[in-house]
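K.L.:
Once you've had a glance at the structure underneath, I'll fire off some questions.
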Amino acid sequence: MSTTANNIVFAGTDPGDETSLLDILDHVLNQGVIVRGNLVISLAGVDLVYVGLDVILTSIETALRHMGIEAPPSDR
Amino acid sequence: MPLLLYCVTAPHNSTPALQSGVGGSAVEEVEHSGLRCFFSRISGPNEFEGAIRESALQFHAVVQQLFRKQAVIPFRFPTFLQDDSELAGYLREHSGYHASLARLRDLVQMEIRISYQESATAAPTDTQGGESGKSGSKYLRDRQARKKKLESAAEQFHEAGHAWIGEWRTRQSQDKIRCFALVNRSSVQEFEHALANVQVPADLTVRITGPWPASEFLDNP
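Protein chains in written order, with our numbering: chain A, 1 to 76; chain B, 1001 to 1221.
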């Protein structure tokens, strides 16, 4: 990661530091194609049956918060 | 056992020797309908319990290994399908990814995120004048000015990098604008060098990240 004098920060895509880590989590959780379909999954002991992936993602973010991990920023 | 999907690539490309996937699982691949898909067999997201961040990073590591050599269409983490037949059906329905992968073959996505510095994000408040003493119209004018400042900064970056940008998209939310540039894989350093000289207003901060898979530029995500 490098910073210029102009308030510009360059960050790669390797999880070398905490800031890049948030960028990576943001992309992994908020970008990429979504499969819509019927899913049966279990998260933290709670069954989520036949839910859309958007609901699952919300649950993941909630889980992150419960685990004391700051959820990555999301615009979507 | 459910399949955790990593990404789709074009078939017949040489594949790097992949390390283990999420939770130490083996990364498998299948070719169907002119696409190659990478996945792991995982009992379900309950395997992530207590290790969501680590699992997400392991997912990222697999996608990155593939992305270093070729265009990929990543799935959003975590995406599961029930079994192999469901995966085959998905690939059959999305054979159009082949055209996207061909179009994006040598291209990567760079992201420019422009936001107000923490000290500048407090104003204008959302009280719309009541508690801050500002009139509603002044509040709206301030918000409009802040929005325009973000847009102006984004345009500066667009102009600075235009020689290397194939496509450009933006998404704006309150106090933040995200710009996505489609750049040739071999031009990333030149692109970053050109953007490093942009003069940014003191109350703004800019993060430039990448290269990422070109998720924002898929034809039919």
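We put the beta carbon where it would ideally sit given N, CA and C, even for glycine.
Where S1215 (chain B) and Y1139 (chain B) are concerned, what is the direct C-alpha to C-alpha distance, given to the nearest angstrom?
P.N.:
36 angstroms
K.L.:
Residues of chain A with CB closer than 7 angstroms to the CB of A1181 (chain B), please, in chain order.
P.N.:
The contacting residues do not exist; A1181 (chain B) stays about 14 angstroms from chain A at best.
K.L.:
If N6 (chain A) sits next to Q1199 (chain B), beta carbons under 8 angstroms apart, how far is it from one beta carbon to the other, in whole angstroms?
P.N.:
6 angstroms
K.L.:
Beta-carbon of E1029 (chain B) versus every beta-carbon of chain A: anything under 7 angstroms?
P.N.:
no
K.L.:
Examine chain A for any beta-carbon lying closer than 7 angstroms to the beta-carbon of E1192 (chain B), and answer yes or no.
P.N.:
yes
K.L.:
Using DSSP's beta-bridge definition, name the partner residues of L1035 (chain B).
P.N.:
B:H1032
K.L.:
Taking the alpha-carbon positions, what's the D1203 (chain B) to A1017 (chain B) distance?
P.N.:
Each residue's alpha carbon lies about 46 angstroms from the other.
K.L.:
Across which residues does DSSP place A1056 (chain B) in a beta bridge pair?
P.N.:
A1056 (chain B) is not bridged to any residue.
K.L.:
What are the uninterrupted segments assigned as alpha helix (DSSP H) that are 4 or more residues long and contained completely in the region 1165 to 1206 of chain B, given in chain order?
P.N.:
Counting whole runs of 4 or more residues, the region 1165 to 1206 of chain B contains the alpha helix (DSSP H) stretches 1188 to 1196.
K.L.:
Could you check what DSSP says for G16 (chain A) in three-state terms: helix, strand or coil?
P.N.:
coil
K.L.:
State the Cα-Cα distance for the pair D1142 (chain B) and K1176 (chain B), rounded to the nearest angstrom.
P.N.:
In this structure, the straight-line span from the alpha carbon of D1142 (chain B) to that of K1176 (chain B) is close to 15 angstroms.
K.L.:
With 7 angstroms as the threshold, decide whether the Cβ of I1208 (chain B) is near any Cβ in chain A.
P.N.:
yes
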